[in-house]
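Residue numbering for the sequence shown is 318 to 460, as defined by our numbering.
Here the structure is laid out as structure tokens; the discussion comes afterwards.
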Amino acid sequence: MVDAMTKYFATWPKGQRPLIDYATQQTEKRLGAHTKHIDEKHFELITRETRDLKFDIMLEIKVNEQSAIIAVPYAARERVRSEPLGIDPGNYCYIYEYAQHLQNEVNERKRKRAEKKKLVMMMTTKNIANQNQQKSQNIKEMK
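This is the structure:
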């Protein structure tokens with residue numbers, strides 16, 4: 318893999334840092350479907366194998382903010398040994414808080430949907446019970 322990436326990076330315009338898209342195939346989905354979360358072990362392996370190459374990585378993962386929070390320490394440990402990071406940790410706090418906020422919104426929507434579904438089921442059950450009671454009453458009146 319490193320040889321292929323080295324050859325590919327040689328075709329990159331001088332003065333520009335190469336960029337790769339990192340994605341993991343989601344199992345049991347169509348070819349090209351990305352996973353929702355980063356595969357930490359695989360990402361760690363990639364960063365370790367390519368630590369001597371200089372390139373940027375774009376995460377092609379559905380839950381990319383949370384995955385970035387997970388990926389940064391691996392990339393920093395394996396790839397940025399002699400270079401200053403130039404990363405403001407406060408930005409990651411914001412990303413995490415925002416990701417947590419989004420997760421809370423999703424959970425609230427799921428809760429409301431489940432509550433609505435439960436209410437519909439209760440009303441349907443009550444309507445069926447009323448209909449059955451009405452049918453029983455009609456049968457009694459017919460006798």
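All C-beta atoms, glycine included, are put in the ideal place defined by N, C-alpha and C.
Cβ contact (3+ pairs, closer than 8 angstroms) linking the segment 384–394 and the segment 429–438: no
For E377 and A340, believed in contact at Cβ under 8 angstroms, the rounded distance: In the sequence shown, residue 340 corresponds to position 23, counting from 1. In the sequence shown, residue 377 corresponds to position 60, counting from 1. Contact holds; Cβ gap of about 4 angstroms.
Cβ-based burial, A388 [other Cβ within 10 Å; buried from 16]: The residue labelled residue 388 in the question sits at position 71 within the sequence shown. Buried.
Beta-carbon gap between I337 and S384 smaller than 8 angstroms: Here residue 337 refers to the residue found at position 20 when the sequence shown is read from its first residue. Here residue 384 refers to the residue found at position 67 when the sequence shown is read from its first residue. Going by C-beta atoms, I337 is not nearer than 8 angstroms to S384.
Buried/exposed call for I456, threshold 16 Cβ in 10 Å: Here the question's residue 456 lines up with position 139 in the sequence shown. Its Cβ having fewer than 16 others within 10 Å, I456 is exposed.
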